[in-house]
Amino acid sequence: MNFFEQDYAEDILQEGQVILIDKPLGWTSFQVVNKIRWHLKKNSGLHKLKIGHAGTLDPLATGLLIICTGKKTKSITELQEGEKEYTGSITLGGTTPSYDLETAINHSFPFEHLSPNELHETTNQFIGEIMQQPPLFSALKKEGKRLYEFARAGIHIEIPTRKVKITKFELTNIYLPKVDFLIRCSKGTYIRSLAHDFGKALQSGAHLSALRRTQSGEYRVENAFSFEIKSE
Numbered sequence: 003m004n005f006f007e008q009d010y011a012e013d014i015l016q017e018g019q020v021i022l023i024d025k026p027l028g029w030t031s032f033q034v035v036n037k038i039r040w041h042l043k044k045n046s047g048l049h050k051l052k053i054g055h056a057g058t059l060d061p062l063a064t065g066l067l068i069i070c071t072g073k074k075t076k077s078i079t080e081l082q083e084g085e086k087e088y089t090g091s092i093t094l095g096g097t098t099p100s101y102d103l104e105t106a107i108n109h110s111f112p113f114e115h116l117s118p119n120e121l122h123e124t125t126n127q128f129i130g131e132i133m134q135q136p137p138l139f140s141a142l143k144k145e146g147k148r149l150y151e152f153a154r155a156g157i158h159i160e161i162p163t164r165k166v167k168i169t170k171f172e173l174t175n176i177y178l179p180k181v182d183f184l185i186r187c188s189k190g191t192y193i194r195s196l197a198h199d200f201g202k203a204l205q206s207g208a209h210l211s212a213l214r215r216t217q218s219g220e221y222r223v224e225n226a227f228s229f230e231i232k233s234e
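The opening residue of the sequence shown carries number 3 in this note's numbering; numbering runs sequentially from there.
As structure tokens, then:
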């Protein structure tokens, strides 16, 4: 069902709602929140509405975005702690500075020698608690700036690694140079970094070419509203 076909009463919104959205490709999480705020205020008569999301999705990712309103915004930190599930595609044979399709391929590598058995076995290297380096093209802050600000300015900085947990890394389809995957992981895991590191472990290169969040904690994308904006 389309989110924009729903009506919410003022008292219900202020008391707090958890709204599940299937974020479309190309939208930032911030843009989705702003559009929802505008729609809810317009249709409920509210002048002010506290609203936020529980876990950012990159513009090139689709899938489950959890939106909280009113008093439910106090639950955002708790909601972010839940295990995440993603599906998507990794393209082997090339790396990009952003580890995804936001930037162009900067280095190419052979991939034809990779066998399905080697691909499946290599995923095992990433199961459990691992140390991961976030991508330079990310919204994390260092010295008061977003990392992507340094990246776009061509400034190289050291990014500390951090511990994340991968409970499942399964290849669901192999059609080189692409592989499809299903991943379950902890909060704070960068699937872009996992794709990049997967390529390095194969002594090749790789970047994330598609990503969809299918679950966060107890919430699944199958129960989310679509986000189709119709002309008014």
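For each residue, glycine too, the CB sits at the ideal point set by N, CA and C.
Annotation for residue 180: no alpha helix (DSSP H) segment contains it, though the beta strand (DSSP E) segment containing it runs 180-187. Nearest C-alpha to residue 19 among 77, 210, 162, 109: 77.
Here the alpha carbons of residue 46 and residue 134 stand approximately 44 Å from one another. If you draw a straight line from the Cα of residue 183 to the Cα of residue 13, it is about 42 Å long.
Less than 8 Å separates the beta-carbon of residue 65 from that of residue 25. The beta carbon of residue 111 lies closer than 6 Å to those of 95, 206, 207 in the same chain, with the five residues before and after it left out.
Of the residues assessed, residue 32 falls on the exposed side of the cut-off, its CB having fewer than 16 other CB atoms within 10 angstroms.
One Cα belongs to residue 37, the other to residue 164, and the distance between them is close to 33 Å. By a beta-carbon distance limit of 8 Å, residue 69 does not contact residue 132. Their separation comes to about 30 Å. Going by C-alpha positions, residue 224 is about 11 Å away from residue 215.
For residue 176, the enclosing beta strand (DSSP E) covers residues 164-177. When DSSP assignments are scanned along the region 106-146, the uninterrupted stretches of alpha helix (DSSP H) that are 4 or more residues long and fall wholly within it turn out to be 118-125. If you draw a 10 Å sphere on the C-beta of residue 220, you find fewer than 16 other C-beta atoms in it, and that means exposed. Within its own chain, the residues whose Cβ lies closer than 8 Å to the Cβ of residue 103, once the five positions on either side in sequence are excluded, are 62, 209, 210, 211, listed in chain order.
Nearest to residue 130 by alpha-carbon distance, out of 167, 138, 99, is 167. Around residue 35, the same chain offers 53, 54, 55, 69 as residues with beta carbons nearer than 7 Å, after the five sequence neighbours per side are excluded. A Cβ-Cβ separation of about 20 Å leaves residue 218 out of contact with residue 3 under the 8 Å criterion. Spatial neighbours of residue 109 in its own chain (CB-CB distance under 8 Å, excluding positions within 5 residues in sequence) are listed in chain order as 96, 97, 207. Following the DSSP letters along the chain, one finds residue 69 inside the beta strand (DSSP E) bounded by residues 63-71. DSSP places residue 200 within a helical segment (H, G or I) once states are collapsed to three.
Residue 177 counts as exposed, since fewer than 16 other beta carbons sit within 10 angstroms of its beta carbon.
Within the same chain, 15, 39, 42, 43, 71 come within 7 Å of residue 51 by CB-CB distance, once the 5 residues on both sides are set aside. The beta carbons of residue 101 and residue 188 sit about 18 Å from each other, so the pair does not count as a contact at 8 Å.
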